[in-house]
Amino acid sequence: MAATIASSSFVGARVTSRPKVAVRTSTRGALTVLAGKIEESALMAKYPDGGPVFAVSIDCHMGTNSTGLVMKEGDEGRPVVTMVRPGGTAKNKVKVGDVCLATSFTELVNDPTNTTMKWGTPQTGWFDTEGESYAAAICAMETNSTSLDMIMFRPE
Numbered sequence: 001m002a003a004t005i006a007s008s009s010f011v012g013a014r015v016t017s018r019p020k021v022a023v024r025t026s027t028r029g030a031l032t033v034l035a036g037k038i039e040e041s042a043l044m045a046k047y048p049d050g051g052p053v054f055a056v057s058i059d060c061h062m063g064t065n066s067t068g069l070v071m072k073e074g075d076e077g078r079p080v081v082t083m084v085r086p087g088g089t090a091k092n093k094v095k096v097g098d099v100c101l102a103t104s105f106t107e108l109v110n111d112p113t114n115t116t117m118k119w120g121t122p123q124t125g126w127f128d129t130e131g132e133s134y135a136a137a138i139c140a141m142e143t144n145s146t147s148l149d150m151i152m153f154r155p156e
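The sequence shown runs 1 to 156 under the UniProt record's numbering.
Right under this line is the structure:
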């Protein structure tokens, strides 16, 4: 999913008015909340570890960009690894062509007993990418702050 911003300017030109543009925005949280959450036991039953299916945990203490993962939308809408940058924490854990079947996510849940965290208490869960949009899957991945856990499929 890519966004393009076009602008033009002329030296010495004066702009007196801007055209009105309708902007449709969506927040990361809105996509994740609407997405397919799944219990870990159901996820493990659906995607048993072995053969071309494997679990991976990638350090993302320095942000999800530090993983070095570059993904694109696959044929079924699921994220597919297109590059693993050399300095990334995902190096030697995933390969180009691996497909993300499920990913961990973190959401902030309202907890009236917690007075120290004003935005909510973080809770982790699993997000099944089957039947979900590519954008929702990427948004779920980006919510992780310490570890990005994924169930991957490696085509052979």
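Positions of the beta carbon are idealized from the N, C-alpha and C atoms, including for glycine.
A quick note: this is a predicted structure, and the numbers were derived from the prediction, not measured.
### Message
Buried or exposed, going by whether 16 or more other CB atoms sit within 10 Å of the CB of Gly97?
### Response
Counting from 1 along the sequence shown, the entry for residue 97 is found at position 97. Burial call: exposed.
### Query
Do you know offhand how far Glu132's Cα is from Gly77's?
Walking along the sequence shown from the start, residue 132 turns up at place 132. Walking along the sequence shown from the start, residue 77 turns up at place 77. Whole-angstrom Cα-Cα distance: 7 Å.
### Message
Between which residues of its own chain and Met150 is the CB-CB distance below 6 Å, once the five residues before and five after are set aside?
### Response
For the purposes of this step, residue 150 is taken as the residue at position 150 of the sequence shown. The answer, listed in chain order, is Val56, Cys100, Thr103.
### Task
Run the CB neighbour count on Val81, radius 10 Å, all protein chains shown included, and call it buried at 16 or more, exposed below.
As a first step, residue 81 is located in the sequence shown; it is residue number 81 there, counting from the start. The residue is buried, with at least 16 neighbouring Cβ atoms inside 10 Å.
### Query
Secondary structure at Thr64, three-state DSSP: helix, strand or coil?
Taking the first residue of the sequence shown as position 1, residue 64 is located at position 64. Here Thr64 sits in helix by DSSP.
### Message
By the DSSP assignment, the alpha helix (DSSP H) with Ser41 in it spans what residues?
### Response
Translated into the one-based positions of the sequence shown, residue 41 becomes position 41. DSSP places Ser41 in the uninterrupted alpha helix (DSSP H) bounded by 40-46.
### Ala135, DSSP secondary structure in three states
In the sequence shown, counting from the first residue as 1, residue 135 sits at position 135. Ala135 falls in the helix class under three-state DSSP.
### Query
In terms of DSSP beta bridges, what is Asp149 paired with?
One-based indexing of the sequence shown puts residue 149 at position 149. According to DSSP, Asp149 bridges with Ser57.
### Query
Could you give the residue range of the beta strand (DSSP E) that holds Val81?
In the sequence shown, counting from the first residue as 1, residue 81 sits at position 81. That run of the beta strand (DSSP E) goes 79-84.
### Task
Quick one: using the 10 Å Cβ neighbour count with 16 as the cut-off for buried, is Thr146 buried or exposed?
Walking along the sequence shown from the start, residue 146 turns up at place 146. Exposure of Thr146 is indicated by the presence of fewer than 16 other C-beta atoms within 10 angstroms of its C-beta.
### Beta-carbon proximity check, Gly125 vs Asn110, cutoff 8 Å
Sequence index remark: in the sequence shown, residue 125 carries index 125 (1-based). Sequence index remark: in the sequence shown, residue 110 carries index 110 (1-based). Contact annotation: Gly125 and Asn110 have beta-carbon atoms that are not nearer than 8 Å.
### Task
Round the Cβ separation of Val53 and Phe153 to the nearest angstrom and send it over; I've been treating them as touching at under 8 Å.
As a working mapping, residue 53 is identified with position 53 in the sequence shown. As a working mapping, residue 153 is identified with position 153 in the sequence shown. Between Phe153 and Val53 the Cβ distance is about 6 Å, and since that is below 8 Å, they are a contact.
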